[in-house]
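This report refers to the structure that appears directly beneath it.
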Amino acid sequence: MTRYMIGIDIGGTNFRIGAVNQEYEVLKHKIVSSRTFLEMERPVNGLLEAIISFIKEIEGKPCGICMGFPGTVTKDKSTVLSCPNLPVFDGVNISKVINQALDIPVIIEHEVLLLLTNDMYHFSLFDKNCVIAIYLGTGLGNAIYIHGRMIEGANGVSGELGHIPIPGNKTPCPCGNIGCIEPRASGKRLEEICIEKGLPEKAFTKALADGASDPLISDFLDHVACAIATEINILDPNCVIMGGGVMMISNFPYDALLERIYFHTRKPFPAENLKFIRLEPDPLQGVRGAGIYAWRYMNKKKSSLPYD
Ligand SMILES: [Zn+2]
Numbered sequence: 125m126t127r128y129m130i131g132i133d134i135g136g137t138n139f140r141i142g143a144v145n146q147e148y149e150v151l152k153h154k155i156v157s158s159r160t161f162l163e164m165e166r167p168v169n170g171l172l173e174a175i176i177s178f179i180k181e182i183e184g185k186p187c188g189i190c191m192g193f194p195g196t197v198t199k200d201k202s203t204v205l206s207c208p209n210l211p212v213f214d215g216v217n218i219s220k221v222i223n224q225a226l227d228i229p230v231i232i233e234h235e236v237l238l239l240l241t242n243d244m245y246h247f248s249l250f251d252k253n254c255v256i257a258i259y260l261g262t263g264l265g266n267a268i269y270i271h272g273r274m275i276e277g278a279n280g281v282s283g284e285l286g287h288i289p290i291p292g293n294k295t296p297c298p299c300g301n302i303g304c305i306e307p308r309a310s311g312k313r314l315e316e317i318c319i320e321k322g323l324p325e326k327a328f329t330k331a332l333a334d335g336a337s338d339p340l341i342s343d344f345l346d347h348v349a350c351a352i353a354t355e356i357n358i359l360d361p362n363c364v365i366m367g368g369g370v371m372m373i374s375n376f377p378y379d380a381l382l383e384r385i386y387f388h389t390r391k392p393f394p395a396e397n398l399k400f401i402r403l404e405p406d407p408l409q410g411v412r413g414a415g416i417y418a419w420r421y422m423n424k425k426k427s428s429l430p431y432d
């Protein structure tokens with residue numbers, strides 16, 4: 125009988141659920157509407173039902189379940205702390221509810237750590253000293269790998285790069301603070317630019333058509349670049365993974381962004397030795413990453429490390 129982990133990638137519109145074997149292959153997956161849980165009085169019960177229905181389609185019981193949320197989670201990987209774009213799970217101990225119902229180990233994690241896990245496996249980067257990832261989507265996602273482990277911090281909430289403050293910026297951030305860089309450097313900002321240009325709300329391709337020559341797009345790119353260059357200047361990484369839905373838009377002025385990052389990065393190093401990997405769209409990135417993370421994490425359960 126095949127041993128497998130369940131990997132789940134939770135989004136506001138849909139979530140993906142898949143079975144990942146020990147060779148890190150996605151054996152089976154499906155997309156489920158997030159209405160399944162959004163419309164329920166206890167959203168975690170909707171998640172539970174979706175998991176039970178998926179498991180029925182596969183032979184055998186899963187070895188564990190790992191779920192990625194677009195927000196911060198507690199260091200013990202049980203409870204969502206804050207998901208500004210999906211607040212129904214804030215404060216909910218998801219691991220406990222699902223573990224009690226199914227008697228299977230359950231961990232939840234910030235989705236960016238699962239994406240980075242997938243990408244490090246895909247590009248064989250686990251032997252590198254330091255890898256950082258930028259996932260530019262609705263927000264400015266970030267994950268950091270140093271000296272053989274994901275960095276999680278004292279409270280488990282490291283890598284909140286989108287929430288570095290900019291002096292003089294009065295924009296409120298969905299996190300509750302004022303002046304974070306993310307409202308100026310995210311897909312949300314691109315939506316505003318579309319509206320300022322008189323375009324439909326999500327006409328990103330059109331908004332990006334003029335590239336860095338457009339003052340609004342140039343300002344957006346410079347804010348993204350400032351955030352990334354800040355982290356590069358602190359960590360001097362071996363490589364920077366560049367992903368997220370916005371980075372994958374066909375018109376995205378990627379070269380202009382790299383130029384701005386170089387501009388803001390300390391010379392001669394790390395500036396002269398920057399290595400970037402630009403990701404291609406992969407709808408299973410989050411599911412596979414959750415499965416790999418579950419295999420690696422649960423094999424190291426006695427350790428305090430997320431994994432090494
Ligand atoms: Zn913030």
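Those letters in the sequence shown? Residues 125 to 432, per my numbering, in order.
Ideal Cβ positions, reconstructed from N, Cα and C, are used throughout, including at glycine.
Quick caveat: nothing in here was measured; it's all calculated off a predicted structure.
For residue i, which beta-bridge partners are listed by DSSP?
i	result
Glu233	Gly192
Val144	Met129 and Val150
Phe139	Ile134 and Val156
Cys297	DSSP, once it has assigned bridges, lists no residue as partnering Cys297.
Pro289	Cys304
Among residues of its own chain, excluding the 5 on either side of residue i, which ones have a beta-carbon nearer than 7 Å to its beta-carbon?
i	result
Pro211	none
Asn242	Gln409, Arg412, Gly413 and Ile416
Leu429	The predicted model places Leu429 with a pLDDT of 46, which falls under 50 and marks its position as unreliable; any figure quoted below should be read in that light. So the qualifying residues of the chain are Arg273.
Phe139	Ile132, Asp133, Val156 and Ser158
Ala327	Cys318
Lys154	Ile141 and Phe178
Lys199	Glu276, Asn279 and Gly280
Lys330	Leu323
Arg390	Asn357
Between the Cα of residue i and those of the options, spot the shortest distance and give me the residue it belongs to.
i	options	result
Pro339	Lys326, Val230, Val150 and Glu320	Glu320
Arg273	His347, Met244 and Ala143	Met244
Ile348	Lys391, Asp334, Cys304 and Thr329	Before going further, note that residue 348 is Val rather than Ile in the sequence given. Of Lys391, Asp334, Cys304 and Thr329, the residue nearest in Cα terms is Cys304.
Ile356	Arg313, Gly369 and Tyr386	Tyr386
Val230	Arg390, Met129 and Lys391	Met129
Ala278	Asp227, Val197 and Leu260	Val197
Ala353	Ala395, Tyr148 and Ala327	Ala395
Ser157	Arg166, Gly136, Tyr148 and Leu240	Gly136
Met371	Arg384, Asp343 and Arg402	Arg402
Asn145	Thr203, Asn362, Ile189 and Ile222	Ile189
Gly184	Leu226, Ile365 and Asp334	Leu226
Phe161	Lys154, Ile175 and Glu325	Ile175
Ile484	Phe178, Ile222, Gly283 and Leu237	Lying outside 125 to 432, the shown extent of the chain, residue 484 is not represented and no answer is given.
Pro208	Asp200, Ile228, Pro186 and His234	His234
Pro407	Leu249, Thr329 and Leu239	Leu239
Arg166	Glu181, Gly215 and Asp346	Gly215
Met454	Leu237, Lys180, Lys152 and Glu181	One cannot answer for residue 454 here, as it falls past the ends of the chain, which runs 125 to 432.
Gly335	Cys297, Leu382, Leu398 and Asn301	Leu382
Pro298	Gly292, Lys312 and Ile290	Lys312
Met164	Phe213, Met422 and His388	Phe213
By the DSSP assignment, the alpha helix (DSSP H) with residue i in it spans what residues?
i	result
Arg412	Gln409 to Asn423
Tyr386	Tyr378 to His388
Val168	Pro167 to Lys180
Lys330	Phe328 to Ala331
Phe393	Note, Phe393: premise wrong, no alpha helix (DSSP H); not H, not E.
Ile275	Looking at the DSSP string, Ile275 is not in any alpha helix (DSSP H), and its letter there is neither H nor E.
Ile319	Gly311 to Glu320
Please return the same chain residues whose Cβ sits closer than 8 Å to the Cβ of residue i, not counting the five positions on each side in sequence.
i	result
Leu264	Ile258, Leu285, Gly286, Ile305, Glu306, Ala309, Ser310, Val348 and Ala351
Lys426	Bear in mind that the predicted position of Lys426 carries a pLDDT of just 44, short of 50, making it too unreliable to give a figure here.
Leu332	Leu314, Ile341, Ile373, Asn375, Phe376 and Pro377
Glu360	Reading off the sequence, residue 360 comes out as Asp, not Glu. Excluding sequence neighbours, Asp360 sits near Cys254, Phe393 and Pro394.
Tyr148	Tyr245, Arg412, Gly415, Ile416 and Trp419
Leu345	Ala336, Pro377, Ala380, Leu381 and Arg384
Following the continuous beta strand (DSSP E) through residue i, name the residue where it begins and the one where it ends.
i	result
Val281	Counting along the chain, Val281 falls outside any beta strand (DSSP E), and DSSP gives it neither H nor E.
Leu151	Val150 to Ser157
Arg402	Phe400 to Arg402
Can you list, in chain order, the residues of its chain whose CB lies under 6 Å from that of residue i, leaving out five sequence neighbours each side?
i	result
Ile218	Val168 and Ile232
Tyr269	Val255
Ile369	Checking the displayed sequence, the identity of residue 369 turns out to be Gly instead of Ile. Excluding positions up to five away in sequence, the list reads Gly261.
Phe400	Val364 and Met366
Val281	Thr196
Leu172	Ile222 and Ala225
Cys187	Arg127 and Met129
Would you say residue i touches ligand 3, meaning its beta carbon is less than 7 Å from a heavy atom?
i	result
His347	As presented, the structure is devoid of ligand 3, carrying ligand 1 as its sole ligands.
Item to check | Segments of 4+ residues assigned as alpha helix (DSSP H) that fall wholly inside the segment 326 to 367 | outcome: 328 to 331 and 339 to 359
Checklist entry - Where in the segment 199 to 263 do unbroken runs of the alpha helix (DSSP H), each at least 4 residues long, occur, reported from the N-terminal end onward? => result 218 to 226 and 235 to 246
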